[in-house]
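Here my numbering is used: the first residue of the sequence shown is 102, the next is one more, and so on.
In this text, a Cβ means the ideal position worked out from N, Cα and C, and glycines have one as well.
To start, the structure under review is shown below, and the notes come after it.
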Amino acid sequence: MPTIKSSAELRNNYNEISTFCHTYPEPVFITKNGKGDLAVMSIETYEHLTSCFELYGQIKDGLDDIANGNTRPFSEAISDIRRKRNR
C-alpha cells in the first residue's frame, strides 16, 4: 500500500518522512490540496531506479538488434577484439 502524506505533513514532519524514505526503498506520495503532487524518495532509491531504467533500455536495444538481425557469432566478435588488441 503506498505511503501518502500531505504537503503540510512534509513541511511539519520532514525528518520522519526522510527517515521513512531511507528505511524503505519506495516513494512517499505527497498531496497538495488533496491531489497527488510529488513523489519523494531517497537518493539511493532514485539512483537504483534510474539504473534499472538504463539497464532495461540496454536490454531492449539488444533485443531490437537480435530482432533486426544486427548480430554476429560470438567467436567472430572475440576474434576481432583479439586482433585489435594485438596490433
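Considering only their Cβ atoms, is the gap separating residue j from residue i smaller than 7 Å?
i: Asp138; j: Thr132; result: yes
From the DSSP output, read off the bridge partner residues of residue i.
i: Lys106; result: Ile131
i: Lys185; result: Partner(s): none; Lys185 has no beta bridge.
i: Ala140; result: Phe130
Rounding to the nearest angstrom, what Cα-Cα distance links residue i and residue j in this structure?
i: Tyr157; j: Asn171; result: 19 Å
i: Ser143; j: Ser176; result: 44 Å
i: Pro103; j: Val129; result: 7 Å
i: Ile182; j: Asp162; result: 21 Å
i: Glu110; j: Cys122; result: 14 Å
i: Lys185; j: Thr120; result: 51 Å
Counting only the same chain and skipping the five closest in sequence on each side, list residues whose C-beta sits under 7 Å from that of residue i.
i: Asp166; result: Thr172
Is residue i close to the ligand FMN? I mean its beta-carbon at under 6 Å from any heavy atom of the ligand.
i: Gly135; result: For the structure depicted, the ligand FMN is absent and the ligand set is empty, with no information on it obtainable.
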